[in-house]
Amino acid sequence: MYGDMSVVRSDSARLRARGDDVRARALAIKARAESMNWNSVAATAFRAEIGATADALGRSAAALDTAADALSNHARSVDEVKALIHQAQVWAGERLDEARSIVGNVVKVVQDVAENAVTGFMTVLASIPDQVKNVKVSVLQVFGVDVAPQTVARAEDIVRAVPNRPVDGAREWLDVQCTLGGARR
Numbered sequence: 336m337y338g339d340m341s342v343v344r345s346d347s348a349r350l351r352a353r354g355d356d357v358r359a360r361a362l363a364i365k366a367r368a369e370s371m372n373w374n375s376v377a378a379t380a381f382r383a384e385i386g387a388t389a390d391a392l393g394r395s396a397a398a399l400d401t402a403a404d405a406l407s408n409h410a411r412s413v414d415e416v417k418a419l420i421h422q423a424q425v426w427a428g429e430r431l432d433e434a435r436s437i438v439g440n441v442v443k444v445v446q447d448v449a450e451n452a453v454t455g456f457m458t459v460l461a462s463i464p465d466q467v468k469n470v471k472v473s474v475l476q477v478f479g480v481d482v483a484p485q486t487v488a489r490a491e492d493i494v495r496a497v498p499n500r501p502v503d504g505a506r507e508w509l510d511v512q513c514t515l516g517g518a519r520r
């Protein structure tokens with residue numbers, strides 16, 4: 336969803352190289368001016384002016400370094416956010432897929448069972464008198480496996496809370512993660 340930071344990193348490297356080049360030129364200009372065999376008031380003024388120019392070039396090089404650092408930091412920050420989004424997408428996507436599977440495939444099964452075999456997954460509908468005390472129960476199942484009513488209710492809540500799956504890599508995955516109770520990393 337977010338751009339390829341290799342372009343930003345390339346710009347950062349180019350600025351850093353430009354800063355190194357400007358810094359090297361400033362040092363070379365200053366060294367050449369100081370090595371001149373010319374001594375006079377004009378020579379002193381010339382050397383001072385060259386020194387000021389070299390210092391200005393040094394400040395320009397430092398500014399280029401600062402800009403390069405800012406671009407590098409930006410690229411790193413974007414990559415960190417992209418990683419957080421990916422983690423949120425994996426975590427929330429698994430829960431969303433599971434909830435949709437439960438909601439889409441849950442069935443209520445009614446069956447007769449011995450009274451002492453009733454589990455927490457079952458809802459007693461009626462008692463059937465015969466030799467062995469049987470009861471009619473309903474149980475929720477997904478792909479033939481008993482599922483607790485609270486599990487189905489939670490899955491329904493998730494599907495209601497997130498009716499549309501965000502696009503891969505979208506920052507909305509961070510919101511979905513929070514909605515589903517996952518901590519932001």
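So the sequence shown is numbered by the working numbering: it starts at 336 and just counts up by one.
Every residue gets a Cβ at the ideal spot worked out from N, C-alpha and C, and that includes glycine.
None of the values given here were measured: they were computed from a predicted structure.
{"Item": "Outcome for GLN512 when other beta-carbon atoms lying within 10 angstroms are tallied against a minimum of 16", "Value": "buried"}
{"Item": "Residues bridged to VAL438 [DSSP beta-bridge criterion]", "Value": "Bridge partners of VAL438: none, in fact."}
{"Item": "DSSP three-state assignment for ASP481, whether helix, strand or coil", "Value": "strand"}
{"Item": "For VAL444, the residue or residues it bridges with in DSSP", "Value": "VAL474"}
{"Item": "Cβ contact (3+ pairs, closer than 8 Å) linking the segment 433 to 448 and the segment 407 to 414", "Value": "no"}
{"Item": "Cβ contact check for the segment 341 to 361 and the segment 388 to 398: 3 or more pairs under 8 Å", "Value": "yes"}
{"Item": "Test item: CB-CB of SER347 and LEU399 under 8 Å", "Value": "no"}
{"Item": "Extent of the continuous alpha helix (DSSP H) to which LEU509 belongs", "Value": "507 to 514"}
{"Item": "N-terminal and C-terminal residue of the alpha helix (DSSP H) that LYS468 is part of", "Value": "From DSSP, LYS468 is part of no alpha helix (DSSP H); its letter is neither H nor E."}
{"Item": "At least 3 beta-carbon pairs within less than 8 Å: the segment 422 to 439 vs the segment 477 to 497", "Value": "yes"}
{"Item": "Length of the line joining the Cα atoms of ILE420 and VAL474", "Value": "38 Å"}
{"Item": "C-alpha gap between VAL416 and THR514, whole angstroms", "Value": "18 Å"}
{"Item": "Test item: CB-CB of ARG382 and GLU369 under 8 Å", "Value": "yes"}
{"Item": "Chain-order list of residues whose beta-carbon lies under 6 Å from that of GLN476 (same chain, five-residue window excluded)", "Value": "VAL442 and VAL444"}
{"Item": "Cut-off 8 Å between Cβ atoms - residues of its own chain near GLN485, not counting five sequence neighbours on either side", "Value": "none"}
{"Item": "Closest by C-alpha distance to TYR337, when choosing among VAL425, ALA418, ALA391 and ASN499", "Value": "ALA418"}
{"Item": "Rounded straight-line distance, which links the Cα of ARG344 to that of VAL357", "Value": "20 Å"}
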